[in-house]
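Residue numbers (our numbering): -2 to 133. See below for the structure under consideration.
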Amino acid sequence: MTLAKAFVTGTVVKAPEKRFTQNDMAIAGFTVNIDKNNETLLRVIAFGQLADSVSSTITTGDNVAVEGRLQVNTYKLPDGKDKRVYEISANFVEKMSASNDTTNNPIANNQNEDNLVSFDQEDVTQDLIDEDEIPF
């Protein structure tokens, strides 16, 4: 299994399927086509509140942006050949547009568009802004 950060955009070709773990945690999985020739498909997996949001708002044909961890799982087929499956464990999913929908609908795991970075933004702004220079 390989882990790497991934940012992809594409068209949903298989609508989210929502399931629950034994501990009642929601898991939603859907498939995204990331090229124009329909040759590169990625499975996207969302957990918790993100899974709830994804399963209720994302449908087949929607254009989405996904940020998360890329996982490459390898297993052997019955004929002895290796098979690789590429998945993204999503941290953020944004519905960009659909064929009949032009609104943007960000879906984040307890985040909003202003707070997508992992560090504390308040600490950064304190270092950049001198309060004596603020005109109000």
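Just so you know, even glycine gets a beta-carbon here, dropped at the ideal spot from N, CA and C. A quick note: this is a predicted structure, and the numbers were derived from the prediction, not measured.
I85 is the residue among T37, E91, I85 and V41 whose C-alpha sits nearest the C-alpha of Q68. Here T6 is near N60, since their CB atoms are less than 8 Å apart. Excluding the 5 residues flanking it on each side, P75 has no same chain C-beta neighbour closer than 8 Å. Ranking K78, R40, A25 and M93 by CA distance to the CA of V10 puts R40 first. Relative to V51, the option among K15, A1, T8 and A3 whose CA is nearest is K15. The residue among N34, Y72 and A23 with its C-alpha nearest the C-alpha of L47 is A23.
With fewer than 16 other Cβ atoms from the protein chains shown falling within 10 Å of its own Cβ, T57 counts as exposed. Looking at the DSSP output, I42 shares a beta bridge with G26 and S86. Judged by their CB atoms, A3 and P13 are not nearer to each other than the 8 Å cut-off.
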